[in-house]
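These notes concern the structure reproduced below.
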Amino acid sequence: MRVLVINASPKGERSNTMNITRAFVGGFPADAELETVELYRCDVNPCTGCYYCWKSGTGVCKIKDGVKDIHEKIYSADIIIVSFPLYFFGVPSQLKALTDRCLPLMVPYMSQSSDPYSASFHDFKDEIVRDKKLVVISSCGYVEAEPVYSALLSQIDLILGGRKYTPILCPQGEIFVADHPIRQRESYLADIKKAGAEFAQSLSLSDETAKKISKPILTSKGFGLLASRHFLPKDGKA
Numbered sequence: 000m001r002v003l004v005i006n007a008s009p010k011g012e013r014s015n016t017m018n019i020t021r022a023f024v025g026g027f028p029a030d031a032e033l034e035t036v037e038l039y040r041c042d043v044n045p046c047t048g049c050y051y052c053w054k055s056g057t058g059v060c061k062i063k064d065g066v067k068d069i070h071e072k073i074y075s076a077d078i079i080i081v082s083f084p085l086y087f088f089g090v091p092s093q094l095k096a097l098t099d100r101c102l103p104l105m106v107p108y109m110s111q112s113s114d115p116y117s118a119s120f121h122d123f124k125d126e127i128v129r130d131k132k133l134v135v136i137s138s139c140g141y142v143e144a145e146p147v148y149s150a151l152l153s154q155i156d157l158i159l160g161g162r163k164y165t166p167i168l169c170p171q172g173e174i175f176v177a178d179h180p181i182r183q184r185e186s187y188l189a190d191i192k193k194a195g196a197e198f199a200q201s202l203s204l205s206d207e208t209a210k211k212i213s214k215p216i217l218t219s220k221g222f223g224l225l226a227s228r229h230f231l232p233k234d235g236k237a
C-alpha cells in the first residue's frame, strides 16, 4: 500500500490539520509506504490556460517546475491524502495552483450531462488515476463544519463527478495549538486513528465512523472561550 500525503498548509509540519492527518495514517499498517509532499516547499507555478497539455496531444504541461514530480507521485500512489486548512471557505493558494495544474490528467471537456454528478465534466485520461482512493482532510477555525465547507465540497464533487472521495472535516482547529483541552483532543485523535485503521482495511469509512469524527470536539461556548484567548490580544480587543 503506497500512501501519498500532500500537506498543503503554509505552516508545514506545524499545521493544525497535520495533527489529524498524522493520527489518521497512524492507523495504517506498519508496512504501508508513506510519503509526504510539503507543497509550500515545492515549485508550483499557476496554470496559464494555454491548453498545451491538450492541444499538443502529449498530456504534459508546458511549464517546467515541480508539478511533473508531484504528478508522478500521484500516479505511483494507491491512496492520496490531501491535508489543508480551510481558507476563506476554500483551499490555500498553493493547493489551488496545484489543482489547476492537474488539467493534464484530464480529458478535454466536450459535453455536459443534465445531471451534473452523473459524470465528471473532465474525466481522468488514465483509468489508473480514476481508481485511486482520495481522502480530503481539512480543519478550520469555525465551531462546526456546516455550512462552511459546502462550497469546497461542491467544487470537489464537480471536479471528480460526485462524492468519489472521503472527506474528514474538523472544525475548531485551534484546539490543536491550545494548551487545553488535552483530554478531548487526545480522545478525538484516538478516534481518528481508529478511522484510519478502518479506511486502510476497507478503503472507506462507515456512516457511523464518519458521523462520529465529524462531531465538534467542544461546545460552541467552550470553543468560543478558547478561540478568544487564541486570536485576541491580551487586552481582549480586536
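Numbering that gives the first Met the number 0 numbers the first residue of the sequence shown as 0 and each following residue consecutively.
Just so you know, even glycine gets a beta-carbon here, dropped at the ideal spot from N, CA and C.
For residue i, the nearest candidate out of the options (CA to CA)
| i | options | result |
| --- | --- | --- |
| A31 | D77, Y50, C52, P107 | D77 |
| I136 | I79, C101, K10 | I79 |
| V134 | E126, K72, S186, F83 | F83 |
| G58 | P45, H70, L104 | L104 |
| H70 | R100, D156, T35, K220 | R100 |
| L33 | N44, T20, P45 | T20 |
| K67 | E207, G48, C41 | C41 |
| T47 | S201, Y108, S55, I62 | I62 |
| L157 | G56, Y108, C139, C49 | Y108 |
| Q45 | S219, L102, R129 | Checking the sequence, you will find Pro at residue 45 rather than Gln. Looking at the Cα atoms, L102 is the closest of the given residues. |
| V128 | R182, L159, A177 | L159 |
| G140 | L202, S201, A177 | A177 |
| D64 | V43, E207, S55 | V43 |
Same chain, Cβ closer than 7 Å to residue i, five either side skipped, listed in chain order
| i | result |
| --- | --- |
| V106 | H121, D122, K124 |
| L204 | T165, A194, E197, F198 |
| G11 | E37, Y39 |
| C49 | K61 |
| T35 | V4, N6 |
Whole-Å CB distance - residue i paired with residue j, under 8 Å assumed
| i | j | result |
| --- | --- | --- |
| R1 | S75 | 6 Å |
| A144 | G26 | 21 Å between Cβ atoms; not a contact. |
| V147 | S219 | The Cβ separation is near 14 Å, so there is no contact. |
| S138 | T16 | 4 Å |
Sequence-distant residues of its chain with Cβ nearer than 8 Å to residue i (five each side left out)
| i | result |
| --- | --- |
| A7 | L38, Y39, V81, S82, F83, V90, P91, Q93, L94, L97 |
| K131 | I73, A76, D77, I78, I79 |
| V24 | V2, V4, A31, L33, I80, G195 |
| K163 | L133 |
| P28 | M0, A199 |
Contacts around residue i, its chain only, beta-carbon distance under 6 Å, and the 5 residues preceding and following it disregarded
| i | result |
| --- | --- |
| A22 | L188, I191, K192 |
| N18 | F175 |
| W53 | P107 |
| S14 | S8 |
| L202 | K132 |
| Y51 | K61 |
Determine, using beta-carbon pairs with one atom in the region 80-100 and one in the region 138-158, whether at least three such pairs fall under 8 Å.
yes
Please give the ranges of any beta strand (DSSP E) in the region 106-189, keeping only runs that are unbroken, at least 3 residues long and fully inside the region.
132-138, 165-169
Counting Cβ pairs closer than 8 Å, one from the region 162-176 and one from the region 203-221, do we hit at least three?
yes
Going residue by residue through the region 41-91, where are the continuous alpha helix (DSSP H) segments of at least 4 residues, counting only ones entirely within it?
51-54, 66-75
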